[in-house]
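Numbering (the working numbering), first residue to last: 5 to 167.
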């Protein structure tokens, strides 16, 4: 007699490891453990900067802090211009919290486009507009220069007429 047994969570026990935190993981390796104080320092500085400029600092990141020079990354030039006006307040707040910041350098880097992407709005065309685009596609001279435009017009008209 052959006895078959199905395994499921009720009849087997699996030893599961406890989740390991990032700091515990870093401490396990000598080379990584040497980085931990620098990481904790940068995290504390990031937190203090965010406290000094709460709304504005939402999209900013600290790139470096060496020899009293703070380098910040910003997603666009307009935010950099606004932040430039707030630098005295930022430096003053950081000094009160124990950071010796002699200067602040701003670098515009498109790092977070997904977070600041705006909702696209849908364009609706009347039937008269679709008909006009259709006629334009048929009346344009069939030349290599116009081929892409004619194809785009035909595709748009086909899409609008099917929806």
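For every residue, glycine included, the Cβ atom is placed at its ideal position computed from N, Cα and C.
No experiment lies behind these values; they were computed from the predicted model shown.
Bridge partners - residue i, DSSP secondary structure assignment
i	result
residue 107	73
residue 68	75
residue 112	78
Proximity of residue i and residue j at Cβ, strictly below 8 angstroms
i	j	result
residue 83	residue 76	no
residue 127	residue 140	no
residue 87	residue 110	yes
residue 146	residue 161	no
residue 98	residue 159	no
Residue i versus the options, residue with shortest Cα-Cα distance
i	options	result
residue 107	69, 80, 26 and 152	69
residue 129	101, 166, 43 and 103	166
residue 78	71, 62 and 72	62
residue 47	27, 164 and 85	27
residue 96	149, 42 and 53	53
residue 72	136, 103 and 50	103
residue 163	142, 144 and 134	134
residue 85	100, 64 and 154	64
residue 49	101, 37 and 36	101
residue 45	25, 74, 149 and 152	74
Cβ distance (whole Å) where residue i is taken to contact residue j below 8 angstroms
i	j	result
residue 81	residue 112	5 angstroms
residue 31	residue 39	So it is not a contact: roughly 10 angstroms between Cβ atoms.
residue 90	residue 114	Not quite, the Cβ-Cβ distance comes to about 21 angstroms (not below 8 angstroms), so this is no contact.
Secondary structure of residue i, DSSP reduced to three states
i	result
residue 38	coil
residue 164	helix
residue 59	coil
residue 27	helix
residue 147	coil
residue 84	helix
residue 130	coil
residue 100	helix
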